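S.K.: This is the structure, below, for whatever I ask next.
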Amino acid sequence: MMSFSRNRIITIANQKGGVGKTTTAINLATALAAIGENVLIVDLDPQGNASTGLGVNRRDRTMSTYDLLTRNASVSDTVMETAVPHLSIIPSTMDLLGVEMEIAGTRDRVFRLKKALQAEDAQAYTYVLIDCPPSLNLLTMNAMAAAHSILVPLQCEFFALEGLSQLLDTVEQVRDSLNPDLDIQGIVLTMFDARNNLAQQVVADVRAHLGEKVYRTLIPRNVRVSEAPSYGKPAILYDLKCAGSQAYLQLASEVIQRERSRKAA
Ligand code: ADP
Ligand code: MG
């Protein structure tokens, strides 16, 4: 497939649930939109937390990532505006649970999302962030095949590194077979609690293992961040001043910096 994509596609993945994928997708996207980038979130989790967290009601989700993956629908067919200027979303519905069965027998099953995101109408966005389900299934494979890079949230807990090697092995396999150019944008440590000695130790361990791949920004555990989705808002809009929002703004500047140095390379 010829590739003329001008957008940057970043997949946010970790097969563990509850590590901060969706929170990172929503707030990183909002931070990028706030500096004037045109941003698209692709909600690939049947739970639809990114859609709900951005205030998209279930009854309004007439077209979704399900239609993109199974019905050849385009980005412009499925995209919805959010309350955040410059931020759009392709929402998800529970129908996504059926995608695997529906497309498993097709030859292009892993490249459905890539095809949609390389089309001309998807080039209106400078950044596309894909929020993955907590699994290394066909949905996540579509996201990895479509992406320029992958961003991995890791929760600052004792088992943080467990499962990461499986994820990194999968990235290697994807490079070998589906997407040779897949980069690791970075690894972001989430829900950090400075008062917890164990969390400090986890940060030190992860940095020792993974070095520069780990962003300098630590996302703190912050109650404002966890409250925001119930108001259908990104934390950055709900409470810009809180430590969690400020950390996500910082993360966005690191992400942009890495994108720039990649371009220059
Ligand atoms: P995932 O998408 O990986 O399953 P989520 O982003 O949904 O993870 O986060 C899991 C839970 O943790 C959610 O209830 C979310 O609100 C909460 N959470 C995520 N990040 C933070 C944070 N920095 N501070 C406090 N709570 C957080
Ligand atoms: Mg999620």
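Numbering (my numbering), first residue to last: -13 to 251. All C-beta atoms in this analysis are idealised placements derived from N, C-alpha and C, irrespective of residue type, glycine included. As the structure is a computational prediction, the values presented were derived from the model and not from experiment.
1. Counting only the same chain and skipping the five closest in sequence on each side, list residues whose C-beta sits under 7 Å from that of L292.
2. Does DSSP put E252 in a helix, in a strand, or in coil?
3. Would P32 pass as a contact of L82 if the rule is Cβ separation under 8 Å?
4. Contact check, M66 vs V42 under 8 Å by CB: the rounded distance?
5. Short of 8 Å in beta carbon distance, which residues of its chain neighbour I89, apart from the five on each side in sequence? Order them along the chain.
6. Return the bridge partner residues of S216 from the DSSP annotation.
7. State yes or no: is the C-beta of A108 within less than 8 Å of the C-beta of V70?
8. Taking buried to mean at least 16 other C-beta atoms within 10 Å of its own C-beta, is V209 buried or exposed?
9. Could you spell out the range, first to last residue, of the beta strand (DSSP E) harbouring I222?
10. Count the other C-beta atoms from every protein chain shown that fall within 10 angstroms of the C-beta of I21, then say buried if there are 16 or more, exposed otherwise.
11. Distance, Cα to Cα, L164 vs A131?
12. Is it right to say D253 is buried, meaning 16 or more other beta carbons lie within 10 angstroms of its own, or is it exposed?
13. Would you decide whether N128 is buried or exposed? Buried here means 16 or more other CB atoms lie within 10 Å of its CB.
14. Could you tell me the alpha carbon to alpha carbon distance between A15 and V85, rounded to whole angstroms?
15. Going by beta carbon distance, what residues of the same chain come within less than 8 Å of C228, once the five residues before and after it are set aside?
16. Which of the three DSSP states, helix, strand or coil, is assigned to S231?
17. Which runs of the alpha helix (DSSP H) fall wholly inside the region 137 to 171 and span at least 4 residues, in chain order?
18. Can you tell me the Cα-Cα spacing of V25 and R(-6), whole angstroms?
19. With 16 other CB atoms within 10 Å as the buried threshold, where does M(-12) fall?
20. Express the C-alpha separation of Q104 and E260 in angstroms, rounding to a whole number.
21. Return helix, strand or coil for D107, following the three-state DSSP convention.
22. Comparing the CB of T8 with every heavy atom of the ligand MG, is any distance shorter than 7 Å?
M.R.: To lay it out plainly:
1. In the structure as shown, the chain starts at -13 and stops at 251, and residue 292 therefore has no counterpart that could be examined.
2. Here the chain covers residues -13 to 251 and nothing more, so residue 252 does not appear.
3. One-based indexing of the sequence shown puts residue 32 at position 46. One-based indexing of the sequence shown puts residue 82 at position 96. For P32 and L82, yes; Cβs fall inside 8 Å.
4. Residue numbering aside, residue 66 sits at position 80 when the sequence shown is read from its first letter. Residue numbering aside, residue 42 sits at position 56 when the sequence shown is read from its first letter. Indeed they touch by this definition, with Cβ atoms about 6 Å apart.
5. Sequence index remark: in the sequence shown, residue 89 carries index 103 (1-based). Within the same chain, I89 has close Cβ partners L55, T56, R95, R98 and L124.
6. Taking the sequence shown and counting its residues from 1, one reaches residue 216 at position 230. DSSP lists no partner for S216.
7. By one-based count along the sequence shown, residue 108 stands at place 122. By one-based count along the sequence shown, residue 70 stands at place 84. Cβ distance not < 8 Å, so A108 and V70 don't count as in contact.
8. Locating residue 209 in the sequence shown gives position 223, where the first residue counts as 1. It counts as exposed.
9. Against the sequence shown, residue 222 aligns to sequence position 236. Unbroken run through I222 is the alpha helix (DSSP H), A221 to Y224; no beta strand (DSSP E).
10. Along the sequence shown, one-based indexing puts residue 21 at 35. Looking at its Cβ environment, which holds fewer than 16 other Cβ atoms inside 10 Å, I21 is exposed.
11. By 1-based counting over the sequence shown, the position of residue 164 is 178. By 1-based counting over the sequence shown, the position of residue 131 is 145. Cα-Cα distance, rounded: 6 Å.
12. Here the chain has residues from -13 to 251 only, and residue 253 is not among them.
13. As a first step, residue 128 must be located in the sequence shown, where it is residue number 142. Buried, since its Cβ has 16 or more Cβ neighbours within 10 Å.
14. What you label residue 15 is simply residue 29 of the sequence shown in a count that begins at 1. What you label residue 85 is simply residue 99 of the sequence shown in a count that begins at 1. Each residue's alpha carbon lies about 26 Å from the other.
15. Translated into the one-based positions of the sequence shown, residue 228 becomes position 242. Around C228: N208, R210, V211 and A221.
16. Here the question's residue 231 lines up with position 245 in the sequence shown. Reduced to three states, the DSSP call for S231 is helix.
17. 150 to 163
18. What you label residue 25 is simply residue 39 of the sequence shown in a count that begins at 1. What you label residue -6 is simply residue 8 of the sequence shown in a count that begins at 1. Taking the straight line from one Cα to the other gives about 10 Å.
19. Residue mapping note: residue -12 aligns to position 2 of the sequence shown, counting from 1. Below a pLDDT of 50, predicted positions are generally treated as unreliable, and M(-12), at 48, falls in that range; no measurement from the model is reported.
20. Outside the shown range of the chain (-13 to 251) lies residue 260, about which nothing can therefore be said.
21. For the purposes of this step, residue 107 is taken as residue 121 along the sequence shown, with counting starting at 1. In the structure shown, D107 sits in a helix (DSSP, three-state: H, G or I).
22. What you label residue 8 is simply residue 22 of the sequence shown in a count that begins at 1. It does: the Cβ of T8 is within 7 Å (strictly closer) of some heavy atom of the ligand MG.
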